[in-house]
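Chemist: The structure's right below; bear with me while I get my questions together.
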Amino acid sequence: MRKISKKLNVQLIAETLIAFGIDHIVLSPGSRNGALTMQFANDKRFKTYSVVDERSAGFVALGVAQQIKKPVVVCCTSGSATANYYPAITEAFFQNVPLIVLSADRPEHLVDNFDGQTIRQKNIFETHSVHNVQLSESEETDDLTRNMLLTKYALTDCIHKSAPIHINMPFSEPLYEFVTEPDIVIDNITIDEKEFPEIDVFDYMRRWNSAAKKLVLVGMHSPNEALNNLLGQLAQDDSVVILNEVTSNIHHPKFFNKIDQVIFPYPEEELEDLKPEILLTIGQNIVSKKVKRFLREHKAEQHWHLDEFWQPDTYQILTDKIETKPEFFLEQLIGFVNPKTSDYYDKWNAIRLNNEKKHQEYIQMIPFSDLKAFDSIIRNYPENWQIQYGNSTVIRYGLLFDHNASNPVFCNRGTSGIDGSTSTAVGACIASGENTVLITGDISFFYDSNALWNVNMPKNFRIILINNGGGNIFKFIPGPSETDVVEDYFETKHHLTAEHLAKMFNFEYQSVSNLSDLENQYADFYAESDRPKILEIDTKNAANDSILRAYFSNIK
């Protein structure tokens, strides 16, 4: 006998989600959301996951949505539980990942009246979401109809804008009354296709063909074969240089995929010579501060940003907002492109070839350290494994090395926080079913250790933990080292290891502290297993900060 909630609004929300094709629900235990939990968990049309920690649950949902490319629901009880979703909501907002926060609440008359687990939940995510609605508890026909329409508008926004929304549902007791047959049934709902502004492709074609120096900068982007192929066609023009980072998920021999190896403080006349006439940016966040500085100080005559969601003026010279899917625009533009005689690509490529040689020579000569470990880790990724990077120094090291095109790469660069990298990677592995490895730093790992507390943990999930004993990023960036309190308040130095966490959460665990042992671990680490695995790399005794500084000095 299937038990579903007697509350009509609970049935209504469940049926509306199914009508929209939304069927993945991340639930966190609680009493006030008990009716919702009973409804979803007892309905085989939904794929439900239980995650105790709401902060982790939000990022798990983000990882799931990242992979399935459609909205995912996170559902929690009232009070601070809802607030704990906020880090994941901000990350999803700036990454354009569609999340639906479905929060249970106390009845409206109890808000601000010192009732337990009662906060101001209504519109709590307003500044980092695209739609917020509070449904009525009433089960009168008019109120049910209104709730249905409010929910439909919210879900449509979530899908069209690919961003978080919040649906807040107050509940009065009793919470657990049930029926065995639904009183509400809704047919499938179809929504109109998203419309984009008209674009004068001929105007862009004319400007593009007249420029002898065109720089395309591709930021964070999900794998997209069509986009990759179109950019590959553009790259055949000697007047075009395409810069990209590992999070762009594009690959071609002519793409410059290691920006920080190429962008340096050369003399002003050389930098001016590299300055583009047209800068075309695609996708989202760029990690490299070097390229940001270069493009802000040596401004292009025109900056076009091509994205269907965001039009940021990152380089403080935005002239054209092209609001559409990148592959739609490029497909039209390429049909009219005339290759232009230019030495622009050759100038950039000469720098790349010279610096790549220095890169290889330097990696060979340095002792075991974070940098040496990353060279080994990235060279040994198995084909077709999904790569999830943590933030801070981890992703920055990742940008310095070539990656195999068979390995899709993801990183939470929406807000670039360390707080949910592990949880996101777990969610991505659960949803995709693909072999997945997370490369993370120690502070990020321990900060998000509740990510390991997940009953759905996949056996094919792997974690490579770089433990250098603290937040080494604060030794690299200017400022903190001048405060005299860098070790106590910035680095957060520690002597922790993951060994006991691994035992508690039933992960296989190995630790290495030298290159030989690391190289010998990969075969076993990536082999099939009945448990997930953690490989901890101890670099606490290495001079990581001075080795990285010397790296950049060496390849100038």
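The sequence shown: position 110 = 95 (our numbering), numbered continuously.
For glycine and all other residues, C-beta sits at the position ideal for the given N, C-alpha and C.
#1: Check whether the region 154 to 164 touches the region 6 to 26, counting contact only when three or more Cβ pairs, one atom from each stretch, lie closer than 8 Å.
#2: For a quick check, are the C-beta atoms of residue 232 and residue 398 less than 8 Å apart?
#3: What is the rounded straight-line gap between the Cα of residue 279 and the Cα of residue 294?
#4: Just mark residue 62 as buried or exposed, buried being the case when its beta carbon has 16 or more other beta carbons within 10 Å.
#5: Verify whether the separation of the beta carbon atoms of residue 300 and residue 281 is less than 8 Å.
#6: Exposed or buried, which one is residue 92 when buried takes at least 16 other CB atoms within 10 Å?
#7: Using 8 Å for Cβ pairs, my map puts residue 47 next to residue 73. What's the rounded Cβ distance?
#8: Rounded to a whole number of angstroms, what is the C-alpha to C-alpha distance between residue 459 and residue 97?
#9: For a quick check, are the C-beta atoms of residue 228 and residue 361 less than 8 Å apart?
#10: If I measure Cβ to Cβ from residue 507 and keep anything under 6 Å in the same chain, skipping five residues before and after, which residues do I get?
#11: Does the region 430 to 440 touch the region 396 to 410, meaning 3 or more C-beta pairs lie closer than 8 Å?
#12: Give me the Cβ distance between residue 154 and residue 89, rounded to the nearest whole Å; I'm assuming they're in contact under 8 Å.
#13: Out of 51, 86, 65 and -3, state which residue places its alpha-carbon closest to the alpha-carbon of residue 12.
#14: Once DSSP output is grouped into helix, strand and coil, what is the label at residue 431?
#15: Can you check the region 19 to 99 for any beta strand (DSSP E) of at least 3 residues that lies completely inside it and give the ranges in chain order?
#16: Tell me, which residues are paired with residue -10 by DSSP?
#17: Have a look at residue 142 and residue 495 and give me their C-alpha separation to the nearest angstrom.
#18: Would residue 197 and residue 253 qualify as a contact pair, given that the criterion is a beta-carbon distance under 8 Å?
#19: Use the C-beta contact count for residue 292: other C-beta atoms within 10 angstroms, 16 or more gives buried, fewer gives exposed.
#20: If you run the structure through DSSP and keep just helix, strand and coil, what is residue 503?
#21: Could you tell me if residue 40 is buried or exposed, where buried requires 16 or more neighbouring beta carbons within 10 angstroms of its beta carbon?
#22: May I ask you to verify whether the region 322 to 330 touches the region 338 to 348, counting CB pairs closer than 8 Å and requiring at least 3?
#23: Report the rounded CA-to-CA distance for residue 257 versus residue 283, giving the unit in angstroms.
#24: Given a cut-off of 8 Å, decide if residue 203 and residue 225 are closer than it, judged by their beta-carbon atoms.
#25: Taking 8 Å as the threshold (C-beta atoms), are residue 449 and residue 428 in contact?
#26: Taking all protein chains shown into account, decide if residue 80 is buried (16 or more other Cβ within 10 angstroms of its Cβ) or exposed.
#27: What residue from 420, 260 and 170 has the CA that sits closest to residue 129's CA?
#28: Relative to the alpha-carbon of residue 383, which residue among 414, 400, 423 and 517 has its alpha-carbon at the smallest distance?
#29: Please name the residue, chosen from 289, 69, 136 and 115, that lies closest to residue -6 on a Cα-to-Cα basis.
#30: Put residue 105 into one of helix, strand or coil per three-state DSSP.
#31: Give the single residue among 127, 152 and 218 whose Cα lies nearest to the Cα of residue 138.
#32: Distance, Cα to Cα, residue 236 vs residue 497?
#33: Taking buried to mean at least 16 other C-beta atoms within 10 Å of its own C-beta, is residue -8 buried or exposed?
#34: Can you pull the DSSP bridge partners for residue 496?
#35: Counting only runs that start and end within the region 105 to 189, where is the beta strand (DSSP E) found for 3 or more residues in a row?
#36: Could you compute how far the alpha carbon of residue 43 sits from the alpha carbon of residue 509?
Modeler: In short, the structure shows the following:
#1: yes
#2: yes
#3: 25 Å
#4: buried
#5: yes
#6: exposed
#7: 5 Å
#8: Residue placement at residue 459 is flagged as unreliable, the pLDDT there being 47, under the threshold of 50; the coordinate-derived value follows with that caveat. Approximately 41 Å between the Cα atoms of the pair.
#9: no
#10: 365
#11: yes
#12: 6 Å
#13: 86
#14: helix
#15: 32 to 35, 57 to 61 and 84 to 90
#16: 163
#17: 46 Å
#18: no
#19: buried
#20: helix
#21: buried
#22: no
#23: 6 Å
#24: no
#25: no
#26: buried
#27: 170
#28: 423
#29: 136
#30: coil
#31: 152
#32: 32 Å
#33: buried
#34: 521
#35: 116 to 119 and 150 to 155
#36: 32 Å
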